[in-house]
Each structure stands twice: as structure tokens, then as C-alpha cells.
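Peer 1:
There are 2 protein chains.
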Amino acid sequence: MDTKTKLLDAALRLIRTKGYTATTVDEICRDAGVSKGSFFHHFPDKEALALAAAKHFSARADELFASAPYRAESDPRARVLRYVDQRRAMMRGDFPDFTCLLGTMVQETYVTHPAIRAACDAEIRHHADDVARDLAEAKARYVPDAPWDPQSMALYTQAAIQGAFILAKAHDDPSVGAECLTHLRRYLETQLTPSA
Amino acid sequence: MDTKTKLLDAALRLIRTKGYTATTVDEICRDAGVSKGSFFHHFPDKEALALAAAKHFSARADELFASAPYRAESDPRARVLRYVDQRRAMMRGDFPDFTCLLGTMVQETYVTHPAIRAACDAEIRHHADDVARDLAEAKARYVPDAPWDPQSMALYTQAAIQGAFILAKAHDDPSVGAECLTHLRRYLETQLTPSA
Chain D
0 MDTKTKLLDA ALRLIRTKGY TATTVDEICR DAGVSKGSFF HHFPDKEALA
50 LAAAKHFSAR ADELFASAPY RAESDPRARV LRYVDQRRAM MRGDFPDFTC
100 LLGTMVQETY VTHPAIRAAC DAEIRHHADD VARDLAEAKA RYVPDAPWDP
150 QSMALYTQAA IQGAFILAKA HDDPSVGAEC LTHLRRYLET QLTPSA
Chain X
0 MDTKTKLLDA ALRLIRTKGY TATTVDEICR DAGVSKGSFF HHFPDKEALA
50 LAAAKHFSAR ADELFASAPY RAESDPRARV LRYVDQRRAM MRGDFPDFTC
100 LLGTMVQETY VTHPAIRAAC DAEIRHHADD VARDLAEAKA RYVPDAPWDP
150 QSMALYTQAA IQGAFILAKA HDDPSVGAEC LTHLRRYLET QLTPSA
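Top line first, the protein sequences correspond to chains D and X.
First residue of the first sequence: 0, per numbering that gives the first Met the number 0; consecutive thereafter.
First residue of the second sequence: 0, per numbering that gives the first Met the number 0; consecutive thereafter.
#1: Closest by CA to residue 47(D), which one among 24(D), 183(D), 134(D)?
#2: Out of 184(D), 163(D), 59(D), 16(D), state which residue places its alpha-carbon closest to the alpha-carbon of residue 4(D).
#3: Using the Cα positions of residue 145(X) and residue 121(D), report the straight-line distance between them to the nearest angstrom.
#4: Report, in whole angstroms, the separation of the C-beta atoms of residue 75(D) and residue 140(D), which I expect to be a contact under 8 angstroms.
#5: Can you list, in chain order, the residues of its chain with a C-beta nearer than 7 angstroms to that of residue 81(D)? Leave out the 5 residues immediately preceding and following it.
#6: How big is the Cα-Cα spacing for residue 129(X) and residue 105(D)?
#7: By the 10 Å Cβ neighbour count, where 16 or more other Cβ atoms means buried, how is residue 35(X) classified, buried or exposed?
#8: For residue 57(D) and residue 63(D), what's the separation of their Cα atoms in angstroms?
#9: Closer than 7 angstroms, Cβ to any Cβ of chain D: which residues of the segment 18-40 of chain X, in chain order?
#10: Can you round the beta-carbon distance between residue 166(X) and residue 123(D) to whole angstroms, since I take them to be within the 8 angstroms contact cut?
#11: Checking contacts by CB at 8 angstroms: is residue 162(X) closer than that to chain D?
#12: Could you check whether the Cβ of residue 192(X) sits closer than 8 angstroms to any Cβ belonging to chain D?
#13: Quick one: Cα of residue 175(D) to Cα of residue 160(D), how far?
#14: Relative to the alpha-carbon of residue 52(D), which residue among 187(D), 89(D), 114(D) has its alpha-carbon at the smallest distance?
#15: Using only the alpha-carbon positions, how far apart do residue 194(D) and residue 151(D) sit?
#16: Compare the C-beta of residue 100(X) against all C-beta atoms of chain D and say whether one is closer than 8 angstroms.
#17: For chain X, find out if any of its Cβ atoms is closer than 8 angstroms to the Cβ of residue 89(D); answer yes or no.
#18: Quick one: what does DSSP say residue 151(D) is sitting in, helix, strand or coil?
#19: Have a look at 6(D), 99(D), 26(D) and flag the residue whose alpha-carbon is nearest the alpha-carbon of residue 126(D).
#20: Below 8 angstroms between beta carbons: does that hold for residue 31(D) and residue 65(D)?
#21: Over the uninterrupted alpha helix (DSSP H) stretch that includes residue 142(D), give me the two end residues.
#22: Could you tell me the alpha carbon to alpha carbon distance between residue 138(X) and residue 186(X), rounded to whole angstroms?
#23: Taking the alpha helix (DSSP H) that residue 36(X) belongs to, which residues open and close that run?
#24: Could you check which residue in 40(D), 38(D), 78(D) has the C-alpha nearest to that of residue 191(D)?
#25: Return the residue from the list 108(X), 156(X), 89(X), 93(X) that minimises the CA-CA distance to residue 15(D).
#26: Under three-state DSSP, which class holds residue 57(D)?
#27: Would the beta-carbon of residue 6(X) fall within 8 angstroms of that of residue 40(X)?
#28: Three-state secondary structure (DSSP) at residue 104(X)?
#29: Please confirm whether residue 13(D) and residue 26(D) have their CB atoms less than 8 angstroms apart.
#30: Should residue 126(X) be flagged as near chain D, meaning a C-beta pair shorter than 8 angstroms?
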């Protein structure tokens, strides 16, 4: 693995464990097994690393979801519901392995680091756009007259997932997050089903 | 206002602006207009202040919601829906004035400060319990056979609200959070309405 990727992976792990401010460049270097000189060869400062980490995290998520089995589902409604099933199944193990870098960073940087805030926003919306495409297709096929907008619904799915992470972390139990996504799935199912 | 309350209010404001780690005891003292000696008279350290701030925040929320107009509503389903309406109406103005201290702190402290994590969990659940009571009453009256548990549904409302804060902060626009709560309200409405 190249030095830059090692640094980005270390940043992902550390920031998801203890947040952006508590994570130091020294720790990132130690965790990555990389010298500080090497760090500053790749990044002018911690903020620049955080911006690259947001892109890195998002690219990883793109990869993961692009190759997920649910993507092969031809029915768009099933695709949406199986997406939520996958997010629910991912609520397990160690928190830094499955929680969201973007939602974590934005909580503590949205005022003090506008560039990080904007990067988190862009990447959350980039992921929501994929969900919105499936939602738009499912809406057109099953509930064309439903009162909601696919983009707004897609953003809501991301809010529910982010909030599920928070409740799970607070209770120190990933299953609390999984249960939240059962509710999200039920909402989507009712909204994508024509009333009798 | 007494010194302790000034310190707690300053902590609420600062932590909701830039997070727990980035907020220093010096800044809290400056913001509160209180000497450092006075701080350490009341609190042994920043963590102790954070624990007290979690309780303080929660007591303020109790006050706010106990006296809210929706509490006078005799129909429990209307009480639940008007609770969400109130949470949605509160999504406006400056983020540190309406976002959640608990959800913000837990993101960056859940591993490094177990006592803060536990306090955030306890206070989030304390608030959810009020919602769960109304949900249980509404379920018993309107949808006794619904497959969901009121406690689980109440926790989900809190997850949706926490996630709404994150998306709103990321987009630097409280209305993004308000729109998320429109979805939460629609979910609750469908789940509290007997099928025809």
C-alpha cells in the first residue's frame, strides 16, 4: 500500500474512533507507520488530510455499494429496500469500522472548518444521489402520485442512518442502530407501496 | 445567574459550536465571564463539566417540552405528531441554539470518555421515554396490533432528529433538518393510523 493510502486509512480509523480534533498528526503517522516528513510531503496540514480522507472514504463507499448484490436487482423498489437491508447488516462489529467519517467530522467542524463541512456535505449528497436515482425509478413505477420527492427521501435515508450511528454509539451497541434501520425500511416500504 | 449555571450555559454554547475536544476550559471561563479558580471550585476538570452539562441540557429540554402546548393535547396520537411538529419548528436559527449537546458530544467521546458516552445515552433515553409513553398510549388506542414496539419507535424518533441535525449542519441550512422531520412525521402518521 502506498504511503498516502496508509495515511488516509489511519485517518479514517482514528477520526472515526475519537473525532477530528482529538486526532493528532503524530498519531496518524504512528498508526500509519509513516514519518512526519512523509506526512507533510503529502499534506500541508491536518485539514488537508481530512479533506482527502472525506474523498477517500466516499470512494471506498462507492466501490462497496457499486459491487453490492442488491445493485443487480432489476426491481427498483427491491433495490431501495435491499440497500437499507445492507446498511442494517453493516451495523455490527467495531464502531470505527462501520460508522461514517463524514457524519462524525461535520458535528465538530461545521463552524470552525468550513472546508471540511463542505466536503462532508458534498460526499453525503453524492451517496444520497445514488439512493435518489433508485427512489425516483421506484416512485415512477409504483407510486407516481406520492407526495414526496425522491431527493428529499434519499436525504432522509442518510439522516436516519447517521442518527442510527449516534444512538448505537451512545448505547455502545450496534444493534440499536440496526433496529433504527428496521423503522427506516418500514417507512420506505409503506411509501413505495400503492394504497389498496 | 449563579456561577455554575453560567459555566454550564457557556459549555452548552461552545460544545455545540465546535465539539467537546476543541472546547477548552479557558474558553468556557472567558465565555462565562468567570475566573479559572471559580471553574475549578465547581468542577474538577472538563469531563466533570461535560457530565454536568449533559444533565443541565436535559433538564432544560424537560422544562421546554413539559410546558409545550402539545402536552395539553388529550389525543395521544395528536400529541406524538405535534411533538414532531415542534421539533421541526425548532430547526431554525443558529445551530448552537437548537442542536443537541448529547448527539454532538457522543460522536467524538464514545471511545475515549466512557462516562460522557454513558451520560449522553442516559439523557437521550430519558427524553425518548417521554415520547415512548405517548406512543404506547397512541398505539393502544389506534393500532394495538401494529408490529412495532413503542420504545423502539421512540428511539427511532431520536435517531431521525439526530441525523436531521447532521444533514442540516453539513448543508449549513436548518431547513434540511426540518424536511427530514417531515418524513419522520409521515412515518409516524402511517404507523399510528389503522389500515382501512
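For glycine and all other residues, C-beta sits at the position ideal for the given N, C-alpha and C.
Given the structure is predicted, the values throughout are model-derived calculations rather than measurements.
Peer 2: Let me lay it out:
#1: Numbered from 1 along the first sequence, position 48 holds the residue referred to as residue 47(D). Ranking the options by Cα distance to residue 47(D), first place goes to 24(D).
#2: Taking the first residue of the first sequence as 1, we reach residue 4(D) at position 5. Of the listed residues, the one whose Cα sits closest to residue 4(D) is 59(D).
#3: Along the second sequence, one-based indexing puts residue 145(X) at 146. Along the first sequence, one-based indexing puts residue 121(D) at 122. Cα to Cα, residue 145(X) sits roughly 38 angstroms from residue 121(D).
#4: Residue 75(D) sits at position 76 when you count from the first residue of the first sequence. Residue 140(D) sits at position 141 when you count from the first residue of the first sequence. So it is a contact: roughly 6 angstroms between Cβ atoms.
#5: For the purposes of this step, residue 81(D) is taken as residue 82 along the first sequence, with counting starting at 1. So the list reads 69, 72, once near-sequence residues are dropped.
#6: Start at 1 with the first residue of the second sequence, and residue 129(X) comes out as number 130. Start at 1 with the first residue of the first sequence, and residue 105(D) comes out as number 106. Rounded to the nearest angstrom, the two C-alpha atoms are 29 angstroms apart.
#7: In the second sequence, the residue the question calls residue 35(X) occupies position 36. With fewer than 16 Cβ atoms within 10 Å of its Cβ, residue 35(X) is classed as exposed.
#8: In the first sequence, counting from the first residue as 1, residue 57(D) sits at position 58. In the first sequence, counting from the first residue as 1, residue 63(D) sits at position 64. Cα to Cα, the separation comes out at about 10 angstroms.
#9: 18, 20, 21
#10: Here the question's residue 166(X) lines up with position 167 in the second sequence. Here the question's residue 123(D) lines up with position 124 in the first sequence. Residue 166(X) to residue 123(D), Cβ: 7 angstroms. Contact.
#11: Position 163 of the second sequence, counted from the start, is the residue given in the question as residue 162(X). By this cut-off, residue 162(X) is an interface position.
#12: Locating residue 192(X) in the second sequence gives position 193, where the first residue counts as 1. No, residue 192(X) does not count as interfacial toward chain D.
#13: Start at 1 with the first residue of the first sequence, and residue 175(D) comes out as number 176. Start at 1 with the first residue of the first sequence, and residue 160(D) comes out as number 161. The straight-line gap from Cα to Cα measures roughly 11 angstroms.
#14: Here residue 52(D) corresponds to residue number 53 of the first sequence, with the count starting at 1. Closest by alpha carbon: 114(D).
#15: As a position in the first sequence, residue 194(D) is number 195, starting the count at 1. As a position in the first sequence, residue 151(D) is number 152, starting the count at 1. Using only the alpha carbons, I get a separation of about 21 angstroms.
#16: Position 101 of the second sequence, counted from the first residue, corresponds to residue 100(X). Judged by the 8 angstroms Cβ criterion, residue 100(X) is not in contact with chain D.
#17: In the first sequence, the residue the question calls residue 89(D) occupies position 90. Cβ-Cβ to chain X under 8 angstroms: no for residue 89(D).
#18: If you number the first sequence from 1, residue 151(D) lands on position 152. Three-state result, residue 151(D): helix.
#19: Reading the first sequence from its first residue, position 127 is the one you call residue 126(D). When only C-alpha atoms are compared, the closest one is 99(D).
#20: As a first step, residue 31(D) must be located in the first sequence, where it is residue number 32. As a first step, residue 65(D) must be located in the first sequence, where it is residue number 66. Cβ atoms of residue 31(D) and residue 65(D): not closer than 8 angstroms.
#21: Position 143 of the first sequence, counting from 1, holds the residue named residue 142(D). Looking at the DSSP string, residue 142(D) is not in any alpha helix (DSSP H), and its letter there is neither H nor E.
#22: Taking the first residue of the second sequence as 1, we reach residue 138(X) at position 139. Taking the first residue of the second sequence as 1, we reach residue 186(X) at position 187. If you take the alpha carbons of residue 138(X) and residue 186(X), they lie about 14 angstroms apart.
#23: Along the second sequence, read from residue 1 onward, the residue named residue 36(X) stands at position 37. From DSSP, the alpha helix (DSSP H) with residue 36(X) extends over 35-41.
#24: As a first step, residue 191(D) is located in the first sequence; it is residue number 192 there, counting from the start. For the residues 40(D), 38(D), 78(D), the minimum Cα distance to residue 191(D) belongs to 78(D).
#25: In the first sequence, counting from the first residue as 1, residue 15(D) sits at position 16. Residue 15(D) has its Cα closest to that of 108(X), out of 108(X), 156(X), 89(X), 93(X).
#26: Indexing the first sequence from 1 puts residue 57(D) at position 58. Residue 57(D) falls in the helix class under three-state DSSP.
#27: Here residue 6(X) is taken as the residue at index 7 of the second sequence, counted from 1. Here residue 40(X) is taken as the residue at index 41 of the second sequence, counted from 1. Taking 8 angstroms as the Cβ cut-off, residue 6(X) and residue 40(X) do not qualify as a contacting pair.
#28: Within the second sequence, numbered from 1, the residue matching residue 104(X) stands at position 105. Note: residue 104(X) maps to helix in three-state DSSP.
#29: In the first sequence, the residue the question calls residue 13(D) occupies position 14. In the first sequence, the residue the question calls residue 26(D) occupies position 27. Yes; because the gap between Cβ atoms is below 8 angstroms, this pair is in contact.
#30: Locating residue 126(X) in the second sequence gives position 127, counting from the first residue. It does not; no Cβ of chain D falls within 8 angstroms.
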